[in-house]
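Undergrad: Chains as they are written, first to last, in the numbering used here: chain A, 1 to 127; chain B, 128 to 254; chain C, 255 to 381.
#1: Quick one: using the 10 Å Cβ neighbour count with 16 as the cut-off for buried, is residue 14 of chain A buried or exposed?
#2: Which one or two residues does DSSP pair with residue 169 of chain B in a beta bridge?
#3: Give the interface partners of residue 10 of chain A over in chain B, defined as CB-CB distance under 8 Å, in chain order.
#4: Ignoring anything shorter than 4 residues, give me the alpha helix (DSSP H) runs that lie fully in the stretch 311-363 of chain C, in order along the chain.
#5: On the DSSP bridge list, what partners appear for residue 375 of chain C?
#6: Between the stretch 290-306 of chain C and the stretch 259-274 of chain C, do three or more beta carbon pairs fall short of 8 Å?
#7: Would you list, in chain order, the members of the stretch 209-223 of chain B that have their beta-carbon closer than 8 Å to a beta-carbon of chain C?
#8: When the cut-off is 8 Å and only beta carbons count, does residue 172 of chain B lie next to chain A?
#9: Measuring only between beta-carbons, confirm whether residue 68 of chain A sits less than 8 Å from chain B.
#10: For a contact meaning CB atoms closer than 7 Å, what does residue 187 of chain B contact in chain A?
#11: With C-beta atoms as the reference, is residue 230 of chain B less than 8 Å away from residue 220 of chain B?
#12: I think residue 296 of chain C touches residue 68 of chain A, with their Cβ atoms under 8 Å apart; what is that distance to the nearest whole Å?
#13: Does residue 310 of chain C pass the burial test, meaning 16 or more other C-beta atoms within 10 Å, or should it be called exposed?
#14: For residue 378 of chain C, which of A:116, A:124, A:106 has the nearest alpha-carbon?
#15: Beta-carbon separation of residue 253 of chain B and residue 312 of chain C under 8 Å?
#16: Please list the partners that residue 39 of chain A has in chain B, where partner means a Cβ-to-Cβ separation under 8 Å.
#17: Scan the stretch 352-364 of chain C for residues whose Cβ lies nearer than 9 Å to a Cβ of chain B and list them as they occur along the chain.
#18: Alpha carbon to alpha carbon, how far is residue 349 of chain C from residue 118 of chain A? Give it in angstroms, no decimals.
#19: Please identify the residue among C:352, C:335, C:337 whose C-alpha is closest to the C-alpha of residue 276 of chain C.
#20: Identify the continuous alpha helix (DSSP H) that holds residue 277 of chain C and give its terminal residues.
Okay, here's the thing in structure tokens:
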């Protein structure tokens, strides 16, 4: 039940956007024990004046393709799993032709009872 | 002070979208003691490539009208209130002609001090 | 590492939107010890049927320019810092010609390990 939101510049090619989304999901599967089928991603394409991002804060060099990936998922992942997640997303993004400096990630956490995947049922009650 | 975000496919009719929004709010009022006037909802309409949702994860069957409802609200609701919320949203969606399998819900929680409803005032100080 | 999302009506002039964004960032710097360079903001412009906001809940009077500012940032700010943040955002918005009643703020919190500002690195490891 991660819910990933990719905020990308509107000019980013659909192909690259999809590769980034694939990379984010693969990273979650690989590092955070997310089932392969557990994919829920939203892509928000924003115009230049919709992304006001500092060009260098945090010791990186952001360019016009900079993206922000926000992932809400279950609490309980360790710090090292999160570190591995960041690395895997950046590597996957790089494999897609993106610059790793252009991929920022923010995580939000909730509880098992906080998800209903459909049909009005709490996920915790169907698994 | 729930803030509900409805992520819906761009093709969903405005009428249906509004009914879903109404159902979400009615469910919050009915199950989570949200005041009837306490309605704050954002609707984000996304193109097909902006919603990458697994078709069946969680034991449901998602179709092209699948939506993701994200609700940020005050911590403190019980597990059973959340269960009732999911049920009520799905029932309301069904009454609007939507398939209950197409309505996913994710909850995020914060504290009373984390809301200002306007005028620069913390909500906790005006109630 | 605050990540601020400004949900504004699509008709809000770009100039005013930018001033609101500036006000939000200045308020974070002034009241919450956010570094001046630590600016990450997303602006989502929504049509009228994308913002379903009660006109008066919380004792304010919302108009057609009502906005919702959502900020995800590190836990640890005190209640008084949050109060000061709300005041500063409203004052900055007013200086930009907006009505303070039209600016709602919601805060979400996470942990230091929950941020990667780029390059696949956890922010906690590079600072």
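For each residue, glycine too, the CB sits at the ideal point set by N, CA and C. Small disclaimer: the values here were computed from a predicted structure and weren't measured.
TA: Taking the geometry as given:
#1: By the 10 Å Cβ count, residue 14 of chain A comes out exposed.
#2: Residue 169 of chain B pairs with B:132, C:305.
#3: Residues of chain B whose Cβ lies closer than 8 Å to the Cβ of residue 10 of chain A do not exist; the shortest such Cβ separation is about 11 Å.
#4: 333-349, all fully within the stretch 311-363 of chain C.
#5: Residue 375 of chain C pairs with C:372.
#6: Touching, yes, given that three or more Cβ pairs across the two stretches are closer than 8 Å.
#7: If the cut-off is 8 Å between Cβ atoms, the stretch 209-223 of chain B has nothing near chain C.
#8: Taking Cβ atoms only, chain A never reaches closer than 8 Å to residue 172 of chain B, which makes this a no.
#9: The beta carbon of residue 68 of chain A does not come within 8 Å of any beta carbon belonging to chain B, so the residue lies off that interface.
#10: Chain-ordered, the chain A residues with CB closer than 7 Å to the CB of residue 187 of chain B read 117, 118, 119.
#11: Taking the C-beta atoms as reference points, residue 220 of chain B is found nearer than 8 Å to residue 230 of chain B.
#12: A Cβ-Cβ separation of about 7 Å places residue 296 of chain C in contact with residue 68 of chain A under the 8 Å criterion.
#13: Residue 310 of chain C should be labelled exposed.
#14: Residue A:106 is the option with its Cα nearest to residue 378 of chain C.
#15: Between residue 253 of chain B and residue 312 of chain C, the C-beta gap is smaller than 8 Å, which places the two residues in contact.
#16: Neighbours of residue 39 of chain A in chain B, taken as residues at a C-beta separation under 8 Å, are given in chain order as 179, 180, 181, 184.
#17: When C-beta distances to chain B are compared with 9 Å, the residues of the stretch 352-364 of chain C below that value are 353, 354, 355, 356, 357, 358, 359, 360, 361, 362, 363, in chain order.
#18: In this structure, the straight-line span from the alpha carbon of residue 118 of chain A to that of residue 349 of chain C is close to 45 Å.
#19: Closest option to residue 276 of chain C, judged by alpha-carbon separation, among C:352, C:335, C:337: C:352.
#20: First-last of the alpha helix (DSSP H) with residue 277 of chain C: 268-286.
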